[in-house]
Amino acid sequence: MATLHVNGKRREHDAEADTPLLWVLREQLGLTGTKYGCGVAQCGACTVHIDGAPVRSCVMPCAAVQPEQKVVTIEGLSAKGDHPLQKAWAQLDVPQCGYCQSGMIMTAAALLKDKPRPTAAEIDEAIGNICRCGTYNRVRAGILQAAGVPATGIQVTHLAGEGSAA
Ligand code: FES
Ligand code: FES
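Heads up, the sequence shown is in the working numbering, so the first residue is 49 and it goes up one at a time.
Spelled out as structure tokens, the structure:
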């Protein structure tokens, strides 16, 4: 058995050493909020935090994560789903299908920890995640709202097609 520290708790698993962390989280620990997209570190759907840094868990062998390192998944980002990003996401209807969004939020949360008031350009540089629904404008607006930065000029297009300034 091996040990991981996930969302504040010690968790045991018996995965092979080269099993990606993503599959330990999803299949052994039941934390299915972290998604599989590409499996080759390109899309960011599998992003979790390890000691506060965003990591693409699909290419991280579970044995490379030390028991004392703190792994945080979307389930552990906030106690009640009330992280400022999660609130902004709900207020702005950021997700479309939602598949990429836990990875988006985890990447954004790491950014805000480093840069509490990022510019739009800094957001664009930090968020390399892929969204096949094209929610990039709303993701950017959500991060700015969570950071308390006025997002003047950013157009948020909702599913119904109407636009509103974020
Ligand atoms: S599933 Fe890990 S980056 Fe795409
Ligand atoms: S919301 Fe559908 S892939 Fe991003």
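Here a beta-carbon is modelled for each residue, glycine too, at the ideal position from N, C-alpha and C. Note that the structure is a prediction, hence the values are computed from the model and not measured.
Spatial neighbours of residue i in its chain, beta-carbon cut-off 6 angstroms, leaving aside the 5 residues before and after
{"i": "Q149", "result": "P143"}
{"i": "A194", "result": "P132, L133, A136"}
Residue nearest to residue i in terms of C-alpha spacing, selected from the options
{"i": "L70", "options": "G92, P132, D130", "result": "G92"}
{"i": "G124", "options": "T82, M49, A65, I175", "result": "T82"}
{"i": "S105", "options": "T95, P198, A111", "result": "T95"}
{"i": "V120", "options": "E173, Q139, H53, E75", "result": "H53"}
{"i": "L288", "options": "R58, G85, V88, A65", "result": "A query on residue 288 cannot be resolved here, the shown segment of the chain reaching from 49 to 214 and no further."}
Residue j beta carbon less than 8 angstroms from that of residue i
{"i": "M154", "j": "H97", "result": "yes"}
{"i": "I175", "j": "A156", "result": "yes"}
{"i": "G90", "j": "I178", "result": "Note that residue 90 is Gln in the sequence shown, not Gly. In this structure, I178 lies closer than 8 angstroms to Q90 by Cβ."}
{"i": "A168", "j": "L192", "result": "yes"}
{"i": "Q64", "j": "M49", "result": "Looking at the sequence itself, residue 64 is Glu, so the reference to Gln does not match. Going by C-beta atoms, E64 is not nearer than 8 angstroms to M49."}
Cβ shell of residue i (< 7 angstroms), same chain only, five flanking positions each side left out
{"i": "M108", "result": "P68, L69"}
Near ligand 2: residue i beta-carbon under 7 angstroms from a heavy atom
{"i": "Y184", "result": "no"}
{"i": "C179", "result": "yes"}
{"i": "Q144", "result": "yes"}
Proximity test, residue i beta-carbon vs ligand 1 heavy atom, cut-off 7 angstroms
{"i": "Y147", "result": "no"}
{"i": "R104", "result": "yes"}
{"i": "G85", "result": "yes"}
- Message: Would the region 128–136 count as touching the region 171–187 if we require 3 or more Cβ pairs under 8 angstroms?
- Response: The region 128–136 makes no contact with the region 171–187; the number of CB pairs closer than 8 angstroms stays below 3.
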